[in-house]
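Numbering (UniProt numbering), first residue to last: 1 to 65.
Ideal Cβ positions, reconstructed from N, Cα and C, are used throughout, including at glycine.
Source: prediction; values computed, not measured.
Some notes on the structure that comes next.
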Amino acid sequence: MNFLGIFLGMVGPWQIGLIVLAILLLFGGKKIPEMMRGLGGGIKEFKKASKDEDTDGDSKLEEKK
Numbered sequence: 001m002n003f004l005g006i007f008l009g010m011v012g013p014w015q016i017g018l019i020v021l022a023i024l025l026l027f028g029g030k031k032i033p034e035m036m037r038g039l040g041g042g043i044k045e046f047k048k049a050s051k052d053e054d055t056d057g058d059s060k061l062e063e064k065k
């Protein structure tokens, strides 16, 4: 069994709870929603940019025809 399989196999509900608790203690309750909004906005921008790139590529293919 490889290292990644062993590592992922050892993470259970207690470990996840401990990780969440550590994150709450490090960042605080007020900062986490702001971070999640920023992450969501970044993902939204990434999807929009990749969609725009796809449509730009399609229009360039049509121009070559």
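Local conformation of residue i per DSSP, three classes
i     : result
VAL20 : helix
GLY38 : helix
LYS44 : helix
ILE9  : For clarity, residue 9 is Gly in the given sequence; the question names Ile instead. Looking at GLY9 - three-state DSSP - the assignment turns out to be helix.
LYS30 : coil
Sequence-distant residues of its chain with Cβ nearer than 8 angstroms to residue i (five each side left out)
i     : result
PHE27 : MET35
LEU24 : ILE32
Residue i to residue j span [Cα, whole Å]
i     : j     : result
ILE16 : GLY40 : 22 angstroms
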